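Colleague: Protein chains in written order, with our numbering: chain A, 200 to 553; chain B, 59 to 767.
All residues carry an ideal CB built from backbone N, CA and C; glycine is no exception.
Remember, predicted model here, so these are calculated numbers, not experimental data.
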Amino acid sequence: VIPNRLVASLLSDSVSSAVLLLCEPFPCIAQTGLSPLSLGRVFFWSSNLEPGLPMCWLQLSRFTLRRETQKQPLPQAFTRLIVYWCSLCSRYRLHGRSEESDQQESLHKLLTSGGLSEDFNTPYFPLRANLIDAISELLIELEGTTDNIAMQALEHIHSNEVIMTIGYSRTVEAFLKEAARKRKFHVIVAECAPFCQGHEMAVRLAKEKIETSVMSDAAIFAVMSRVNKVIIGTKTILANGALIAVSGTHTLALAAKHHSTPLIVCAPMFKLSPQFPNEEDSFHKFVSPQQVLPFTEGEILSKVSVHCPVFDYVPPELITLFISNIGGNAPSYIYRLMSELYHPDDHELKALLV
Amino acid sequence: MMAARGSGRRGAGPGASRGPDPQEEPPPPLQAVLVADSFNRRFFPVSKDRPRVLLPLANVAMIDYTLEFLTATGVEETFVFCCWKSAEIKEHLHKSKWCRRTSPNTVRIVTSDLYRSLGDVLRDVDAKSLVRSDFLLVSGDVVSNINVSVALEEHRMRRKLEKNVSVMTMIFKESSPGHRARCQEDDVILAMDSTTNRILHYQRTQGLKHFSFPMSLFQSNIETVEVRHDLLDCHISICSPQVAELFTDNFDYQTRDDFVRGLLVNEEVLGNQIHMHVTAEEYGACVSNLLMYEAVCSDIIRRWVYPITPEMNFTDDETKSCTHAKHNIYRGAEVSLGHGSVLDENVLVGQGTVIGSKCSIANSVIGQHCKIGDEVTLDGAFLWNGVHVADHVEIRQSIVCDEAEVKEWVKLSPHCVLTSQVVVGPNITLPEGTVISLHPPDEEEDDEDEFSDDSGVNKEENKVKLKGYNKAQVGSEGRGYLWKADDENEVDEEEQRQSLWGPLLKPEEESETESDLSLGSEQPDSRAASPQLDDIKVFQNEVLGTLQRGEEENISCDNLVLEINSLKYAYNIGLKEVMQVLSKVVLEFPLQQLNAELDPQRYCGMLIPLLKNWTPVFKNYIKRASDHLDALSAIEEFFLEHDGLRTSIAKVLMTFYQREILAEETILCWFSQRNASDKGRQLRKNQQLQKFIQWLEEAEEESSEGDQE
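#1: Should residue 447 of chain A be flagged as near chain B, meaning a C-beta pair shorter than 7 angstroms?
#2: Could you work out which residues of chain A lie near residue 364 of chain B, taking near to mean beta carbons separated by less than 7 angstroms?
#3: Could you give the residue range of the alpha helix (DSSP H) that holds residue 315 of chain B?
#4: Within a Cβ cutoff of 6 angstroms, which residues of the same chain sit near residue 156 of chain B, ignoring the five residues on either side of it in sequence?
#5: Check each residue of the stretch 500-514 of chain A: if its Cβ is closer than 8 angstroms to any Cβ of chain B, include it; give the result in chain order.
#6: Would the stretch 91-98 of chain B and the stretch 172-189 of chain B be scored as touching if the rule is three or more Cβ pairs under 8 angstroms?
#7: With a threshold of 7 angstroms between beta carbons, is residue 747 of chain B in contact with chain A?
#8: As an exercise, report each continuous alpha helix (DSSP H) stretch of at least 4 residues that is fully enclosed by the stretch 664-690 of chain B, in chain order.
#9: Given a cut-off of 7 angstroms on the beta-carbon distance, is the pair residue 451 of chain B and residue 475 of chain B in contact?
#10: Short of 8 angstroms in beta carbon distance, which residues of its chain neighbour residue 562 of chain B, apart from the five on each side in sequence? Order them along the chain.
#11: Quick one, which residues of the stretch 424-457 of chain B are near chain A if we go by CB-CB under 9 angstroms, in chain order?
#12: Out of A:469, A:470, A:451, which has the shortest C-alpha to C-alpha gap to residue 462 of chain A?
#13: Quick one: residues in its chain with C-beta nearer than 6 angstroms to the C-beta of residue 470 of chain B, no 5 flanking neighbours on either side, listed in chain order?
#14: If the criterion is Cβ atoms closer than 7 angstroms, does the pair residue 399 of chain B and residue 413 of chain B meet it?
#15: Out of A:402, A:351, A:500, which one is the CA nearest neighbour of residue 465 of chain A?
#16: Since residue 618 of chain A is in the alpha helix (DSSP H), which residue starts that stretch and which ends it?
#17: Can a CB atom of chain A be found closer than 7 angstroms to the CB of residue 234 of chain B?
#18: Taking the C-alpha atoms as reference points, what is the distance between residue 649 of chain B and residue 663 of chain B?
#19: Check whether the Cβ atoms of residue 363 of chain B and residue 203 of chain B sit closer than 7 angstroms, and answer yes or no.
#20: Would you list, in chain order, the members of the stretch 456-478 of chain A that have their beta-carbon closer than 7 angstroms to a beta-carbon of chain B?
#21: Counting pairs of Cβ atoms below 8 angstroms between the stretch 398-418 of chain A and the stretch 361-380 of chain A, do you hit three or more?
#22: Roughly how many whole angstroms lie between the Cα atoms of residue 786 of chain B and residue 100 of chain B?
#23: Run through DSSP, which three-state label would residue 623 of chain B get?
#24: Any C-beta of chain B sitting closer than 7 angstroms to the C-beta of residue 450 of chain A?
#25: Tell me whether residue 461 of chain A sits in a helix, a strand or coil according to DSSP, three-state version.
#26: Does the Cβ of residue 726 of chain B have 16 or more other Cβ atoms within 10 Å, making it buried, or fewer, making it exposed?
#27: Between the C-alpha atoms of residue 338 of chain B and residue 290 of chain B, what's the straight-line distance to the nearest angstrom?
#28: Please work out which residues of its chain come closer than 7 angstroms, Cβ to Cβ, to residue 209 of chain B, disregarding the five sequence neighbours upstream and downstream, and give them in chain order.
#29: Where does residue 503 of chain A land, buried or exposed, given buried means 16+ other C-beta within 10 angstroms?
#30: Three-state secondary structure (DSSP) at residue 469 of chain B?
#31: Measure from the C-beta of residue 600 of chain B to each C-beta in chain A and report whether the shortest distance is under 7 angstroms.
#32: What span of residues does the beta strand (DSSP E) with residue 93 of chain B cover, start to end?
#33: Kindly indicate which three-state DSSP category residue 474 of chain B falls into: helix, strand or coil?
#34: With a cut-off of 8 angstroms on the beta carbons, I'd call residue 484 of chain A and residue 508 of chain A a contact; round off their distance for me.
#35: Just to confirm my understanding: we take residue 392 of chain B, look at its own chain, exclude 5 residues before and 5 after, and list those with CB closer than 7 angstroms. What are they?
#36: Taking 7 angstroms as the CB-CB limit, is residue 497 of chain A close to chain B?
Below is the structure:
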């Protein structure tokens, strides 16, 4: 649900204020729970409505991005879309300007071009049409991602297999449901305490008549010997092929490695981030410890320290395969996909955004 | 009188102005009233240099937390009311992101030096008619991440279903007693109707160990009364515009407590109700004293208020950005940490701070551009901006304000406060609870009514005037005055210190209190058994006096009613109690002249003329069926107490009946009550009473037959 005010300002012709509005009140965005899809739409609308060139927006989004990412408050999918948007802008702009084919420029040119910040102020008219095309393409792609991934399910899931997953992921849910239409298999869901999204996953799968069991996170290793495949979703794929995924995934991945069980990650392309991991500490994202030890506990709270990390860093060597909307890839190939998705100038655009 | 005014207003009030069909319109933009002044001196002398709402909480001003909470919860227009040091607050807000063009929450600042209480502010809100519909009322020291939309929805629902009955929804957070974020002075105990969330009784505990609840709570026809002591008042309330009007109508309301109490007491008269909303998951607290300051600060560092955490830098101020690492270590930009220094856990270090070597720091907040020497131990220390701490200093659970300086080998015991620019040391140990300020404590009185503009001048004067600092108290190079209890106004100062930190929660004491609570009913000797009962006794005496005077001076019944009404308000007595007291007093009236000899004949002879005289008084209070029953039970009680007079009960009832004070149905109803005690049953076996009842029944049959024909 997009707040009315946001839509109103998007409908007005000042896109720049819309972007600022999107970026400024962080908790507001966090609480609206914008999905990547609706964000894509937002971008689409705004580019349609902008009478002139969204050049100011380009600069603005870069500027906001720079400011915002220092404190990483934006939901990652959203920041990624902004980066992607910047990539699109600069790519089309550069291509239009230099009248080259839509292939990437040579390394030499990239080296000698000396950046592009200087010519953003001059209008470039075909950009708008190009961008609108690109964005509608992006929209179609975004809408089809889950289906595209699910379509590949039968290639990976065979009859009578035991499959383990953790927490709740829409992509994995669709993937398993698709496979269940043809084949019978057993799913074990790790509950993913303290938020227990795994329970919801199990309920949804069981409704589709998939044989499902739920178990505690502590039992992951014990159960792993029976498992044929581990299929998980992720929040982000980093540039080196590592994951930022719901906490507990690292345990799961290590257990899978120990038992040589293949670990498959279902993730659409837009989960790809141009960032490399620098400081593993910063990925955990601690939220309120309410779920671990409720505030109502009283006295004890002043005597213990309680933490509630939400995400895990999973190194690339623990992952067997990525299944994205454009097919399966090994972790070592991620760098290539990334260079397709993002403009090289933007790799450095916020090393911090995950 | 009040009732008439109240209801008159209600009719023509917001309901009418809101338009013919509120259902189809989207809810109007949410507004908030933020009171950026506490109207108390709890934070003195800290708040002498800086208004309370600008005190830094984890390096961010308190008011920013409140505004962030309001914005995140969907408020689109906020009125900030300032009084003390309003210029500084204004300047702060103008610089902040709230006053930027893109801010989703429009902040309007209203200043006046005339505000003396929350009541004044709300009366001004009403006078200027600033609010258009339901609004949030918060004080400038609320830290919260509660999403009020659920509570707001409930509130609007209630108001739609029963037009303008519910005027306020208070928001509470569940937290069990003994929690560090519960301070005793804010502790409440309340009774609620758990099906409708209506507040029935609201009382501050104020350290009491025994509580009394009016019996009417449990006798009323509400089936699910819940008494709760596990709630933390977040000081957030959703108010309807009526609240501001009620404050105007009742100029004696100063605080929200006055208002709540007033409404609950007059509920039957005004017909207004207060509801509540309890949140378990989200965080909400109000920084009402330094103990709460400490608790809320550490809650922020420990991420209870997520997503409002230091590294989010929600104020959008470059200098306040920091990173978060394991064990809740927050580090701003350009922080340098000496060799061998350890940031243990729950530490926030502001931008540009330099920490020497071999320091040990835990559970602390350090502001921007502080300098900390070598081998310093900080535990639970709150250092604001620009503080200098020399080598070998130990600070525990203390607050050191802006630009203060702590010299070598100084030790600050828990709960010390050094206000801004104070210098302490070297080589001194400050005892627990020391407060040192550059403002001399006696200056305080002169300063009472002065505001930001001239306080600076005043300071200069005082510096010249004063003889110098007591080196024994602040150290040989120290600068500052001890704010503690050595001089004549000892009691005052002691109070000051206590209230600065707030009463301390001691776990052992707390558990004792709890056991006492449970034993409460078995211990009849409680010292403050119930203020309510005492009130009733005083009230009874007053009513007796009034009636006596009425009898002697032949005052008209209208005036008697007026007088009793005003007494009722003065002692906060419910309607029901008024009636019981009145019946009792009237029935006891002749006893004084009888000199305790109980002769039914003479008693009746004296009572009946009195009853005839005072019929209008009774009629004024006995209206509904339940009132009749209450009066009857009061009469019954009286006759049970005075055995010798029992025979006259029939005559008394007859008089009541004849004067049309009591209706026959209710008398019959009372007579046939099942739950009467043994004594009551004996009373009912009284021959004359039986005859009277029989007569009544026959009369009723006759009349009903008459109706049929």
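Modeller: The relevant details are as follows:
#1: In the first sequence, counting from the first residue as 1, residue 447 of chain A sits at position 248. So, not an interface residue.
#2: As a working note, residue 364 of chain B is residue 306 in the second sequence. The contacting residues are 486, 487.
#3: On the second sequence, residue 315 of chain B is found 257 positions in, with the first residue counted as 1. Taken as a continuous stretch (DSSP letters only), the alpha helix (DSSP H) holding residue 315 of chain B covers 314-323.
#4: Here the question's residue 156 of chain B lines up with position 98 in the second sequence. Excluding positions up to five away in sequence, the list reads 125, 165.
#5: 500, 501, 504, 505, 506, 507
#6: yes
#7: As a working note, residue 747 of chain B is residue 689 in the second sequence. Chain A, which has no Cβ nearer than 7 angstroms to the Cβ of residue 747 of chain B, makes this no.
#8: 673-679
#9: Counting from 1 along the second sequence, the entry for residue 451 of chain B is found at position 393. Counting from 1 along the second sequence, the entry for residue 475 of chain B is found at position 417. No, the Cβ-Cβ distance between residue 451 of chain B and residue 475 of chain B is not below 7 angstroms.
#10: What you label residue 562 of chain B is simply residue 504 of the second sequence in a count that begins at 1. With a pLDDT of only 43 at residue 562 of chain B, under the threshold of 50, the placement of this residue in the model should not be trusted; the figure read from the coordinates follows. For residue 562 of chain B, where only same-chain residues beyond five positions count, the Cβ hits under 8 angstroms are 349.
#11: none
#12: Counted from its first residue, the first sequence places residue 462 of chain A at position 263. Residue A:451 is the option with its Cα nearest to residue 462 of chain A.
#13: Numbered from 1 along the second sequence, position 412 holds the residue referred to as residue 470 of chain B. So the list reads 453, 456, 488, once near-sequence residues are dropped.
#14: In the second sequence, the residue the question calls residue 399 of chain B occupies position 341. In the second sequence, the residue the question calls residue 413 of chain B occupies position 355. Against a cut-off of 7 angstroms, the Cβ pair of residue 413 of chain B and residue 399 of chain B comes out as a contact.
#15: Within the first sequence, numbered from 1, the residue matching residue 465 of chain A stands at position 266. The shortest C-alpha separation from residue 465 of chain A is found at A:351.
#16: Outside the displayed span of chain A (200 to 553) sits residue 618 of chain A, for which this structure offers no information.
#17: What you label residue 234 of chain B is simply residue 176 of the second sequence in a count that begins at 1. Chain A contact via Cβ: present.
#18: Counting from 1 along the second sequence, the entry for residue 649 of chain B is found at position 591. Counting from 1 along the second sequence, the entry for residue 663 of chain B is found at position 605. Distance between the alpha carbons of residue 649 of chain B and residue 663 of chain B is about 12 angstroms.
#19: In the second sequence, residue 363 of chain B corresponds to position 305, counting from 1. In the second sequence, residue 203 of chain B corresponds to position 145, counting from 1. It is a contact, given that the beta carbons lie within the stated cut-off.
#20: none
#21: yes
#22: Since the first residue shown for chain B is 59 and the last is 767, residue 786 of chain B is missing from the structure and cannot be characterised.
#23: Translated into the one-based positions of the second sequence, residue 623 of chain B becomes position 565. In this structure, residue 623 of chain B counts as helix in the three-state DSSP scheme.
#24: On the first sequence, position 251 is the one that residue 450 of chain A refers to. Taking Cβ atoms only, chain B never reaches closer than 7 angstroms to residue 450 of chain A, which makes this a no.
#25: For the purposes of this step, residue 461 of chain A is taken as residue 262 along the first sequence, with counting starting at 1. Correct three-state label for residue 461 of chain A: coil.
#26: Position 668 of the second sequence holds residue 726 of chain B. Burial call: exposed.
#27: On the second sequence, residue 338 of chain B is found 280 positions in, with the first residue counted as 1. On the second sequence, residue 290 of chain B is found 232 positions in, with the first residue counted as 1. Whole-angstrom Cα-Cα distance: 10 angstroms.
#28: Within the second sequence, residue 209 of chain B is the residue found at index 151, counting from 1. For residue 209 of chain B, where only same-chain residues beyond five positions count, the Cβ hits under 7 angstroms are 227, 229, 296, 335.
#29: Position 304 of the first sequence, counting from 1, holds the residue named residue 503 of chain A. So residue 503 of chain A counts as exposed.
#30: Sequence index remark: in the second sequence, residue 469 of chain B carries index 411 (1-based). In the structure shown, residue 469 of chain B sits in a strand (DSSP, three-state: E or B).
#31: Here residue 600 of chain B refers to the residue found at position 542 when the second sequence is read from its first residue. Chain A contact via Cβ: absent.
#32: Here residue 93 of chain B is taken as the residue at index 35 of the second sequence, counted from 1. Taken as a continuous stretch (DSSP letters only), the beta strand (DSSP E) holding residue 93 of chain B covers 88-93.
#33: For the purposes of this step, residue 474 of chain B is taken as the residue at position 416 of the second sequence. Coil, per DSSP.
#34: For the purposes of this step, residue 484 of chain A is identified with residue 285 of the first sequence, where counting begins at 1. For the purposes of this step, residue 508 of chain A is identified with residue 309 of the first sequence, where counting begins at 1. 7 angstroms between Cβ atoms; contact.
#35: The residue you call residue 392 of chain B lines up with position 334 of the second sequence. So the list reads 409, 410, once near-sequence residues are dropped.
#36: The residue labelled residue 497 of chain A in the question sits at position 298 within the first sequence. Chain B contact via Cβ: present.
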